[in-house]
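Residue numbers (this note's numbering), protein chains in the order written: chain A, 150 to 408; chain B, 24 to 595.
As structure tokens, then:
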């Protein structure tokens, strides 16, 4: 998405800041990558955390994923958008990720509480986007709506776009928890009674450490990742615990203002 | 950083192959029980585009494992309300690819209540799959679906006769439906229509050829989707470049970013800037990757012009000879999208290319009965209605007929109070007088329009007033006294002929008062619209009746508002 923005405004600079909602449960490799990347391309980075909730002890183990996401991602995002006075925000969500996202607009209207009303979306003919909002309301814009996971990796390959090293396979300590493979080399990620083992694995999607599983993989280069994708039998968000806490859980989160 | 590359050259070939695969966007339309979601599920399942963990969610409880236990509709109905009610409410987009092509499916709801959602899905599609239940044959709904597809300019149509298993795979039944549909669809002018007998539930003729219909020698549905000729009928003659954004950099670069939606652009080309009509040249063209000498649509790029001009978002660079129409008056077919019906007295916002302008619907010419394809007189459009209207905008739009150029022929109407998208519109062309418009291109002589305006102290304009009214006399005097070059034309004859005369006066920089009989008012306005006359003021009968003094002053205010004449000073 950053590359698309660079292209769109070339030879000018990207005229808007970048916002990261940091739950403090993100992968350290990702944070390191974020800071270095933003420095290199010279954009303004705003990092927002719902510190109040963290101070009160919000974490996924204690609250469950639903409440935790609600506070650390959704609430934090809505607060950050309000504080910055932003009436539009770009996001990288794609329609092929999840079935309620397949219904999402490219320009998705949110009311003044940041809520999505899937039954009352603005029609979106051609590329004539209706981006008018009243004060306090906002638009989420998803330029990658019609891309697939494969499209994204092909683009990363052809454009030589840097990515977080966690996407490449290497031998890492992991524990198996339920249906997930959890990376064991991060603080607090191993629960009492769990015994980490070494396995060649990589991340297919990057959420919060406790809620994002790795996959067994030997794909250590972009061509290997792309070949692996072509052979996949399972979807990318399968390893996101938060999508599976109940039927339609992504739709419910989005209704409340989740990206 | 994490760039890993260094792949074998054959991998690059492979990537190139995948990336350059042709993309076909299509939409599916069918009634509630025609099996549309089942068909899409079948296409995805048989072409292996469904992941195992997604299949788990599609298993019907209580069925033994195996294909029959899969509820394909669960895959496409992404909203809880849809799964609960077992119907599709909103458009869902699905993606799959085969070794030959990539596909984007817009799964659109079939019920009349969701006509607007279908129009939305159809707007970006180049092919429509119309599903018909083999038992029920061509219903009113099938006709409506085909009509909407044609309205949105979809040029390829597949009529998939589904549930053939329930009509004993009968060739006769299939032929009956084909004949019925063809009879009805003839006036819709769809470029090509293909009929395929299928069973989505069992997979016959969807991806795999059916052994139960040996009499059918046409392609399977997927076979057709993979091979139908879609090499786009791109419009390469009429260059249109709507300006989205002005890009400036610290080192003095000033360029205009936007999409080239039609036509070819080369450095050094003469282009006309709208609305100013100034003709200049393309100096350079830039993309992130390279500087271009030549650009073909569709591409987004940044151009610089040979002269420093006042160009911003909403302006358009166009071919100086093959220019679009420039007018505040626009004829369009609308699909009404909101619960709140069309209100002739309300103001709307029109979004067209990169412009948003205020507008009013002057009149509804007819409403389409989507089931019979008959035009019905109406002055109203309600939710899901399709009708033809005349819009009067506060500023000129630069447009082509939708059929000719969808990018410059489409618009949406926004309700400025609720901000809802009230309607989508396809601009229609006026057939009569088409020749007139093209033969009256603006002559570009040594003296530029701005130079004339500078000497006159005002821009040219045409004011249309009912003949013999005292207003004509009063207005000419008033404008003359304000220092304007003004003249009145009172000729009688074909409006197109008189327009020619008026156009010449206009080109000379004059403000022309055109006195016409009331009866030919519409013709005059249409002709002016065709000729691309920018500042055209028609004095409404109601205004004229308020007395010539007030009416004349109100015309002057109108001219000031449009920037034709400078604002009156205190001594005027």
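All C-beta atoms in this analysis are idealised placements derived from N, C-alpha and C, irrespective of residue type, glycine included.
**Own chain partners of residue 590 of chain B with C-beta closer than 8 Å, once the 5 adjacent residues on each side are dropped** = 583
**Item:** Entirely enclosed beta strand (DSSP E) segments - the stretch 224-259 of chain A, minimum 3 residues
**Value:** Entirely contained in the stretch 224-259 of chain A, the beta strand (DSSP E) runs reaching 3 residues are, in chain order, 237-239 and 256-259.
**Prompt:** So, is the C-beta of residue 41 of chain B closer than 9 Å to a C-beta in chain A?
**Reply:** yes
**Prompt:** Tell me which same chain residues have a C-beta within less than 6 Å of the C-beta of residue 300 of chain A, skipping the five on either side of it?
**Reply:** none
**Asked** For the stretch 181-210 of chain B, which segments carrying the alpha helix (DSSP H) assignment without a break, of at least 4 residues, lie completely within its bounds, in sequence order?
**Response** 194-208
**Message:** Quick check: what's the CA-CA separation for residue 441 of chain B versus residue 172 of chain B?
**Reply:** 29 Å
**Request:** Determine the contact status of residue 347 of chain B and residue 353 of chain B, defining contact as a CB-CB distance below 9 Å.
**Result:** no
**Request:** For residue 244 of chain A, go through chain B and note every residue whose CB falls closer than 7 Å to its CB, in chain order.
**Result:** 116
**Asked** Alpha carbon to alpha carbon, what distance is there between residue 405 of chain A and residue 305 of chain A?
**Response** 32 Å
**Item:** Members of the stretch 344-377 of chain B near chain A, C-beta cut-off 7 Å
**Value:** Residues are counted here when their Cβ sits less than 7 Å from a Cβ of chain A; for the stretch 344-377 of chain B these are 360 and 374, given in chain order.
**Request:** List the residues of chain B that residue 158 of chain A touches, going by C-beta distances under 7 Å, in chain order.
**Result:** 270
**Message:** Closer than 8 Å between beta carbons: that is the criterion. Which residues of the stretch 208-219 of chain A meet it against chain B?
**Reply:** none
**Message:** Comparing C-alpha positions only, which one of A/176, A/398 and A/303 sits nearest to residue 370 of chain A?
**Reply:** A/303
**Request:** Taking only beta-carbon positions, decide if residue 92 of chain B is within less than 9 Å of chain A.
**Result:** Only weak support exists for where residue 92 of chain B lies, its pLDDT of 47 falling under 50; the value from the coordinates is given anyway. So, not an interface residue.
**Message:** Using a Cβ-Cβ distance cut-off of 9 Å, determine whether residue 155 of chain A contacts chain B.
**Reply:** yes
**Asked** So, is the C-beta of residue 402 of chain A closer than 9 Å to a C-beta in chain B?
**Response** no
**Prompt:** Going along chain B, which residues have a C-beta under 7 Å from residue 273 of chain A?
**Reply:** 143
**Asked** Quick one: Cα of residue 194 of chain A to Cα of residue 322 of chain B, how far?
**Response** Between residue 194 of chain A and residue 322 of chain B, the alpha-carbon positions lie close to 30 Å from each other.
**Item:** Pairwise C-alpha distance: residue 220 of chain A and residue 204 of chain A
**Value:** 12 Å
**Prompt:** residue 180 of chain B to residue 152 of chain A, Cα distance in whole Å?
**Reply:** 37 Å
**Message:** Strictly under 9 Å for the Cβ-Cβ distance: is residue 309 of chain B near chain A by that measure?
**Reply:** yes
**Message:** Restricting to runs no shorter than 4 residues, where is the alpha helix (DSSP H) found entirely within the stretch 159-231 of chain A?
**Reply:** 177-190, 200-204 and 209-218
**Message:** I'd like to confirm something about residue 54 of chain B: is its beta-carbon nearer than 8 Å to some heavy atom of the ligand PLP, or not?
**Reply:** Among the components of this structure there are no ligands whatsoever, and the ligand PLP is therefore not found.
**Prompt:** Can you tell me whether residue 634 of chain B is buried or exposed, with buried defined as 16 or more other CB within 10 angstroms of its CB?
**Reply:** Because chain B here runs from 24 to 595, residue 634 of chain B falls outside it and cannot be looked at.
**Reduced DSSP secondary structure (H/G/I, E/B, other) of residue 391 of chain B** = strand
**Message:** Which runs of the alpha helix (DSSP H) at least 4 residues long sit entirely within the stretch 232-266 of chain B? Give them in chain order.
**Reply:** Listed in chain order, they are 244-250.
**Through-space distance from residue 306 of chain B to residue 463 of chain B, alpha-carbon basis** = Low local confidence applies: a pLDDT of 45 at residue 463 of chain B is under 50, so the model's placement there is unreliable, and no value is given.
**Request:** Spatial neighbours of residue 165 of chain A within its chain, please: CB distance less than 7 Å, with the 5 preceding and 5 following residues excluded, ordered by chain position.
**Result:** none
**Message:** Could you tell me the alpha carbon to alpha carbon distance between residue 231 of chain A and residue 242 of chain A, rounded to whole angstroms?
**Reply:** 21 Å
**Request:** Output the distance between the C-alpha atoms of residue 121 of chain B and residue 54 of chain B, rounded to the nearest integer angstrom.
**Result:** Straight-line Cα distance between these residues: approximately 27 Å.
**Message:** Bridge partners for residue 120 of chain B per DSSP, in chain order?
**Reply:** B/125
**Request:** Name the residue from B/298, B/264, B/57 and B/436 whose alpha carbon lies nearest to the alpha carbon of residue 288 of chain B.
**Result:** Here the closest residue by C-alpha is B/264.
**Prompt:** Candidates B/128, B/202 and B/315: which alpha carbon is nearest residue 151 of chain B's?
**Reply:** B/128
**Asked** Leaving out five residues before and five after residue 238 of chain B in sequence, what residues of the same chain have Cβ atoms less than 6 Å from its Cβ?
**Response** The beta carbon of residue 238 of chain B sits closer than 6 Å to those of 194, all from its chain and outside the five residues before and after it, given in chain order.
**Item:** Whole-number beta carbon distance between residue 161 of chain A and residue 327 of chain B, since they are thought to touch under 8 Å
**Value:** Not really, about 12 Å apart at Cβ, beyond 8 Å.
**Prompt:** Candidates A/159, A/206, A/174 and A/376: which alpha carbon is nearest residue 34 of chain B's?
**Reply:** A/376
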